[in-house]
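Asker: Below are the structure tokens for one structure; questions will follow.
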Amino acid sequence: MNIVKSLAIAFAFVGAAITMQAAAKVEVIQSSSPALAKGATFAWAPMRAFGTGVPDPAITNEIAVDRLRTTTEAMLETRGYRLTEDPAEADLLVAYTVIMQPETGGKLKADGADCGLPFCPTAGDYRLDASQHTQGTLVLDLIERETGRLVWRATSKKRVTGKDVSEAKLTVLLRDMTKALPTQ
1 MNIVKSLAIA
11 FAFVGAAITM
21 QAAAKVEVIQ
31 SSSPALAKGA
41 TFAWAPMRAF
51 GTGVPDPAIT
61 NEIAVDRLRT
71 TTEAMLETRG
81 YRLTEDPAEA
91 DLLVAYTVIM
101 QPETGGKLKA
111 DGADCGLPFC
121 PTAGDYRLDA
131 SQHTQGTLVL
141 DLIERETGRL
151 VWRATSKKRV
161 TGKDVSEAKL
171 TVLLRDMTKA
181 LPTQ
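For reference, each letter of the sequence shown is one residue, going 1 to 184 in the numbering used here.
Written out as structure tokens, the structure reads:
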């Protein structure tokens, strides 16, 4: 295989990797705390949920916020934590941040080169297809009420649409985010 074909194949793979819509990537950080033990109580932090970026009305609305809260509560309860309504009595305080950022992507397409590869060494017409999407990040924090110290954080980042706030998709997302919680 010559160098031109090798480069063409490499560019094709890079282009495909850039334009593919990836599943949510979840990152978790945790410190040791007795408050993270199974059976610990949790309540919503007294502060309001925090959002930054450019809101997408299909994603950031009262229905989506309610689904996020109830799904978070359900996922924490399935991990062995117990909901209490009074934050002053909880072992852990739960807070979340939603970050929405518009992004633009592009895909270079070749027409008329007839070499069978997306990027051909022969002359042809090329066009750039641009697309716009929303990059969403959800940060879920568990704060030790007694000390005010952050003891667990899960961050999920992916391209989002209005379909991502369905109960089914939120359940899958929050299950992935909370599966690293201790259950001893």
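We put the beta carbon where it would ideally sit given N, CA and C, even for glycine.
For M100, name the three-state secondary structure that DSSP assigns.
Answerer: Residue state, collapsed to three classes: strand.
Asker: CB-CB under 8 Å to L76, same chain, minus the five flanking residues each way: which ones, in chain order?
Answerer: Excluding positions up to five away in sequence, the list reads F42, L83, V94, T178 and L181.
Asker: Classify T71: buried if its beta carbon has 16 or more other beta carbons within 10 angstroms, exposed otherwise.
Answerer: It counts as buried.
Asker: Report the three-state DSSP secondary structure of A17 (helix, strand or coil).
Answerer: The predicted position of A17 is uncertain, since its pLDDT is 35 and thus under 50; no value can be drawn from it.
Asker: Can you find the residues in the same chain that come closer than 7 Å, C-beta to C-beta, to L150, ignoring five residues on each side of it along the sequence?
Answerer: Excluding residues within five positions, the ones whose Cβ falls inside 7 Å are D141 and I143.
Asker: Do the CB positions of S156 and V65 come within less than 8 Å of each other?
Answerer: No.
Asker: Taking the alpha-carbon positions, what's the A40 to G105 distance?
Answerer: Rounded to whole angstroms, A40 to G105 spans 44 Å at the Cα level.
Asker: Could you give the uninterrupted runs of the alpha helix (DSSP H) lying entirely in the stretch 28 to 87, keeping only those of 4 residues or more?
Answerer: Listed in chain order, they are 62 to 78.
Asker: Excluding sequence positions up to five away, which residues of its chain have a Cβ less than 6 Å from the Cβ of P34?
Answerer: Result list for P34: empty, nothing under 6 Å.
Asker: CB-CB under 8 Å to R153, same chain, minus the five flanking residues each way: which ones, in chain order?
Answerer: Result list for R153: V28, I29, Q30, V139, L140, D141 and L142, in chain order.
Asker: Where do the ends of the beta strand (DSSP E) carrying K157 lie?
Answerer: Unbroken beta strand (DSSP E) run through K157: R149 to V160.
Asker: Identify whether D176 lies in helix, strand or coil by the three-state DSSP scheme.
Answerer: Here D176 sits in helix by DSSP.
Asker: Tell me the DSSP secondary structure of T137 in three-state form.
Answerer: T137 falls in the strand class under three-state DSSP.
Asker: Within 10 angstroms of the Cβ of Y81, are there 16 or more other Cβ atoms? Answer buried if so, exposed if not.
Answerer: That one is buried.
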